[in-house]
Amino acid sequence: MPFLIFFLFAGMAALCYSRFPRTELRVHFEPLPNQKNSWPLARVALVNYDASRDSLECRMLSSIEDISRQGIHLPATRIKAILKQEMDALEKRCSSFAEAGRQTITYPGTKWCGDSDNAANYSDLGPLEADKCCRDHDHCDGILSGETKYNLTNEGMFTLLNCECEEALDNCFKETARNETDAFHKLLTVVLRLIYFELYSPKCYVLTCDNSTEPNCVGEWRDGYEDA
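Numbers -18 to -1, 1 to 210, taken from mature numbering (1 follows the signal peptide of the UniProt record, and there is no 0), label the letters of the sequence shown in order.
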């Protein structure tokens, strides 16, 4: 009898689990034409599914507010970067739930954080303190897509930066979030870092230079600044 009760309980638990929807955030990064900075253009889909992996609901997220609101409550294992083909197929499936396309995003409260900037000049900053981090990052040493520099060729789709620039950006985001007193601004800064360093996770390069009057620097790729 105890075994029968156990199997009945296990069966009911499995049935309940199969009907309980789970949520994932799927993200794909792609470049804009002639893009010079390293921020990726992102398409983001929110997918609810059951244990059989059948999609119950799907919608594209078109604003950083939506992305922040959904992403901050999900564990990292449920936020996944996917390939272009996967996102194209997912976007078609989502079309019955919402109309959405590729989003060019400059993050709220900033003029420099995003795949393009809308600052009038170097001193033009948004109210979000993290905008200073992005401004410095945008003016950092980098290798454009298809460009050869420091004996390295960037064969990827995005601009890749010196590892020192990536480390400086990460430290700036962390310090800004730690010191931020506005809860929403803190949330936006945390999500900015999550998107760039945890999902996008760009590789970077380190330089070895001689000590001549005109240094001849040679670069070497790294998977991330922590690997430098």
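Ideal Cβ placement from N, Cα and C applies to all residues, glycine included.
These numbers were taken from a predicted model, which means no experiment stands behind them.
Separation of Ser127 from Leu134, as counted between CA atoms: 11 Å
Cβ pair count under 8 Å reaching 3, the stretch 115 to 127 against the stretch 146 to 156: yes
Chain-order list of residues whose beta-carbon lies under 6 Å from that of Gly91 (same chain, five-residue window excluded): The residues are Gly108, Pro109 and Leu110.
Span separating the alpha-carbon of Cys145 from that of Glu162: One Cα belongs to Cys145, the other to Glu162, and the distance between them is close to 26 Å.
Simplified DSSP state of Met42, which is helix, strand or coil: strand
In DSSP terms, what His10 is bridged to: For His10, which the question treats as bridged, DSSP gives the partners Arg25.
Cβ-Cβ distance between Tyr89 and Leu170 below 8 Å: Yes.
Local conformation of Thr130 per DSSP, three classes: strand
Paired residues, beta bridge with residue 220 - DSSP: Since the first residue of the chain shown is -18 and the last is 210, residue 220 is not available in this structure.
For Ala63: DSSP bridge partner residues: Val9
Assigned exposure category for Arg8 - 16 Cβ within 10 Å defines buried: Per the 10 Å Cβ criterion, buried.
Asp152, enclosing alpha helix (DSSP H) - first and last residue: Cys145 to Asn161
Arg75 - partner residues in DSSP beta bridges: In the DSSP assignment, no residue is bridged to Arg75.
Asn30 - partner residues in DSSP beta bridges: Thr5 and Glu39
Nearest candidate by alpha-carbon position, reference Arg60, set Val188, Val29 and Asp113: Ranking Val188, Val29 and Asp113 by CA distance to the CA of Arg60 puts Val29 first.
Residues of its chain near Phe179, where Cβ-Cβ distance is below 7 Å and the 5 sequence neighbours each way are ignored: Asp152
Residues bridged to Arg204 (per DSSP): Cys186
Counted within 10 angstroms of its Cβ, other Cβ atoms place Cys191 as buried (16 or more) or exposed: exposed
Nearest-angstrom Cα separation, counted from Tyr207 out to Lys66: 25 Å
Span of the alpha helix (DSSP H), counted from its first residue to its last, around Lys114: Asp113 to Asp120
Start and end residues, alpha helix (DSSP H) containing Thr171: Residues Ala165 to Arg175.
C-alpha distance - Cys199 paired with Val173, whole-angstrom precision: In a straight line, the C-alpha of Cys199 is about 35 Å away from that of Val173.
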